[in-house]
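Take a look at the structure set out below.
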Amino acid sequence: MGWPWQFVSLASEAKHTRHEILSQFALYSQLSVLIPIIGYQAYRLGAWLLMKRERRGVAYMALEEPSGDTRPADKSIGGIARRWRVWKWWLNDEVRPSWGSRGRWIAAVIWSLWLLFLCIFRTGNGTFAPHLILLGSLLTSSLDYFHLTKRFGSVAAAQVPFHYLLAMRTRFSPMITLFRTSHEQLILWHRTSGNIIMVFLLIHGALYLNYYIISGTLIEHLQGLHASTGVVAVSLGAALAGTSLDAIRKWSYRVFFFCHLAIGLGVMPILFFHAKPLRVYTIEALTLFILDRILRRLDTVTEPVSITQIPHTDLMKIQVPITSKKLGRFEFNPGQHVYVAMPSDKSSKISKRLLSNPFTVAKVSSTGITLVLRALQGPTTQSLWLHARRFHSKPLLSIEGPYGCPINIPDLITNFDRILLVAGGIGATFTWPLYGALREQLEAESRDPDQLNFIWAVRSSAEAGWISDSEEQAFSEDPNIQIYLTRHHDLAESLDHDLSDEGIEMDDMHTNPGLIGGIKPRIGRPFLKDIVEQIFSINSGERVAVLFCGPQGLGRELRTHVGGWAAQGRDVMWHEESFGM
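Shown next as structure tokens:
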């Protein structure tokens with residue numbers, strides 16, 4: 129069967145019908161985003177009921193006298209739960225390093241097929257009956273090429289507001305509330321959504337260009353507003369997608385950030401004038417963008433901060449005063465992060481005013497918060513590093529947040545028998561506050577302290593020194609804290625050295641360092657396989673929570689070892705703190 133869509137000439141009445149169908153399917157495209165939202169809420173409810181049923185069955189079996197009589201229903205529920213845990217872990221594994229999880233790829237394929245169906249179904253000459261199925265449409269000889277072409281554009285454009293909704297950072301974002309997650313997790317789905325929209329827009333543009341070339345009217349159409357704005361919009365979209373690649377982001381975050389911001393805003397008026405049916409979607413997307421910016425601005429404080437260099441390292445400690453009204457939000461959940469930017473003043477370049485970077489809150493005191501960060505090659509950390517080396521320098525900083533996935537400390541202790549916290553390098557700014565809060569909760573409930581373990585691989589004792597001058601000295605000689613020094617000596621290199629935080633060297637060492645926060649460190653690299661095996665081997669029925677923050681390579685190694693136990697059906701919670709944008 130050949131290509132079924134033809135260049136069909138329609139009467140005015142048929143064109144009106146086609147316009148109505150285009151609007152109808154664009155609306156279907158936009159409303160269909162409710163399907164995964166409702167589906168996820170149903171999944172959460174089902175998972176919660178299954179968990180309650182399984183644990184009630186376990187408690188019942190524990191009270192029963194040993195006998196040959198068992199409860200098949202509870203065995204069935206437990207078997208289903210174990211199989212689902214195995215599948216869930218498999219879905220969350222990466223397809224390939226830095227390619228994203230299998231679950232996101234599968235979801236992207238399913239969603240793309242659904243949008244493709246919306247693009248193809250009823251693309252006739254305006255006289256199709258609504259009850260005709262897709263196969264019947266494809267076999268019809270009078271399929272409308274222009275209807276198909278326009279449908280790809282309208283269906284994709286109707287997805288743009290949802291795409292912007294996924295990118296909202298404010299704590300009032302409905303997606304953050306509905307999915308009980310953080311901006312850093314949603315931004316991964318934002319990238320997936322953007323790739324899908326871009327593919328459909330490219331098909332839309334390619335179909336139009338194909339017609340212009342076949343009909344010999346390419347130059348004529350490109351002189352018109354409709355075609356010219358379409359070419360510009362697709363070109364800008366391709367540029368946006370190209371500068372969003374991981375290679376570009378790692379090469380220069382500034383290039384990615386400013387291209388993303390400028391193109392994301394600049395394409396809106398172009399789409400507005402490209403076609404009238406798209407105007408409602410561009411207005412929706414632009415409204416969401418402006419609303420997000422306003423809410424984030426209201427959640428931003430600008431204060432003079434104290435910056436000190438941690439001796440013999442490329443680390444800085446920043447103390448930020450926070451009002452008592454806002455401080456409660458930082459105290460409520462440890463392990464949160466803020467976005468830091470240089471404020472808008474005459475001495476700041478435009479790049480410093482707009483660019484913001486996420487940093488984890490390492491400590492919350494009665495007067496403010498403390499950030500510990502590494503000086504990299506970006507404009508923000510370089511400017512802060514210069515201030516850190518100046519005596520009594522107190523620059524103005526804009527602090528936006530706090531943000532982060534809410535980790536409920538009491539629930540974590542109640543729902544899991546063992547908790548393993550693993551950090552690499554500066555990643556301890558996330559795990560160390562969590563450890564303190566979890567230990568305090570265990571002590572308050574008179575629970576076994578061996579339920580909690582903390583592993584930290586850090587370059588040197590100097591880089592771990594930021595915990596030494598705090599109240600965590602009370603954790604002195606805690607056998608559940610293991611700090612590993614992975615370099616021969618304290619860092620004394622200047623910033624001319626490679627300051628990448630991705631690599632934690634794992635050289636064996638033979639020096640004898642002093643105490644770190646009252647804790648005696650170990651020399652060499654942590655053997656994660658042995659550590660994981662020790663945790664999981666204590667009791668085969670225990671539920672284990674693993675929380676990690678650090679370099680990607682270390683995280684992949686840890687997840688591989690934990691995955692071996694998850695593949696056996698163990699109840700494992702995995703949380704990796706990372707910034708996806």
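Going by the numbering used here, the first residue of the sequence shown is number 129, and it counts up by one from there. Cβ atoms here follow ideal geometry from the backbone N, Cα and C, with glycine treated the same way.
State the Cα-Cα distance for the pair residue i and residue j, rounded to the nearest angstrom.
i	j	result
N485	A469	7 Å
Y381	E591	25 Å
L548	L675	6 Å
A375	N543	39 Å
P561	K491	7 Å
N581	L504	30 Å
F153	L329	16 Å
E568	G692	31 Å
D202	R211	Confidence is the limiting factor: at D202 the pLDDT is only 46, short of 50, which leaves the residue's position unreliable, though a coordinate-based value still follows. D202 and R211: Cα-Cα distance of roughly 14 Å.
I644	G593	6 Å
Q287	H465	30 Å
R407	V360	17 Å
F519	L540	43 Å
D442	T357	48 Å
L243	I163	13 Å
T309	A673	17 Å
Y409	E222	33 Å
A355	S511	45 Å
P534	Y467	17 Å
S589	P607	18 Å
V327	L570	51 Å
D636	P649	At D636, the pLDDT of 39 sits below 50, so the modelled position is not reliable and the matter cannot be decided from this model.
L80	A565	Only positions 129 to 709 of the chain appear in this structure, which leaves residue 80 out of reach.
P538	N461	11 Å
H318	I324	10 Å
To which residues of the same chain is residue i closer than 8 Å at the C-beta, ignoring the five residues directly before and after it?
i	result
N220	S229, R230, G231 and W702
E630	The pLDDT assigned to E630 is 45, lower than 50, so where the model puts this residue is not dependable; a value taken from the coordinates is nonetheless given after this. Hits under 8 Å: P679, Q680 and G681.
N667	D545
L276	W133, C247, I248, T251 and L335
L306	I165, Y168 and Q169
F458	I450, Q464, V489, V492, I497 and P530
Specify, as a first and last residue, the run of the beta strand (DSSP E) that residue i falls within.
i	result
P302	Element bounds for P302: not the beta strand (DSSP E) but the alpha helix (DSSP H), P302 to F307.
R425	First-last for R425: R407 to L426, but that is the alpha helix (DSSP H), not the beta strand (DSSP E).
P538	Careful: P538 lies outside any beta strand (DSSP E), inside the alpha helix (DSSP H) at I537 to N543.
T488	N485 to V492
Go through its chain and collect everything with a Cβ distance to residue i's Cβ below 7 Å, but skip five positions before and after it.
i	result
T428	S526, I527 and E528
Q437	M444, A516 and R517
Q351	none
Q696	none
L656	E685, L686 and H689
A190	With a pLDDT of 49 at A190, under the threshold of 50, the modelled position of that residue is not reliable, and the figure given next carries that caveat. None.
Q447	V433, S434, G496 and T498
From the DSSP output, which residues share a beta bridge with residue i?
i	result
Y273	Its beta-bridge partners do not exist; DSSP assigns none.
I149	DSSP, once it has assigned bridges, lists no residue as partnering I149.
F582	L549 and I609
E312	In DSSP, E312 forms no bridge with anything.
H465	T488 and Y531
V500	K445
E431	L525
E141	Answer by DSSP bridge pairing: none, since E141 is not bridged.
E591	None; E591 has no bridge partner.
W133	L271
Q437	M444
In terms of residue numbering, what span does the alpha helix (DSSP H) encompassing residue i cover?
i	result
Q510	P507 to A516
E528	That residue, E528, is in no alpha helix (DSSP H); its beta strand (DSSP E) goes L524 to Y531.
P561	A556 to A572
S363	L353 to T371
H349	L346 to L350
A245	Looking at the sequence provided, one finds Phe at residue 245 rather than Ala. First-last of the alpha helix (DSSP H) with F245: R230 to I248.
R382	Y381 to H402
R457	S452 to F460
F290	V288 to L294
Is residue i near the ligand MG - that is, is its Cβ less than 6 Å away from at least one heavy atom of it?
i	result
G352	This structure lacks the ligand MG, and indeed carries no ligand of any kind.
To which residues of the same chain is residue i closer than 6 Å at the C-beta, ignoring the five residues directly before and after it?
i	result
Q158	A286
W584	A551, A556 and I611
A694	W217 and V700
H144	none
G281	H332
C677	A551, G555, F558, T559 and E705
I411	none
Legend entry - 4-residue-minimum alpha helix (DSSP H) runs that sit fully inside the segment 643–707, ordered along the chain: 656–664 and 680–694
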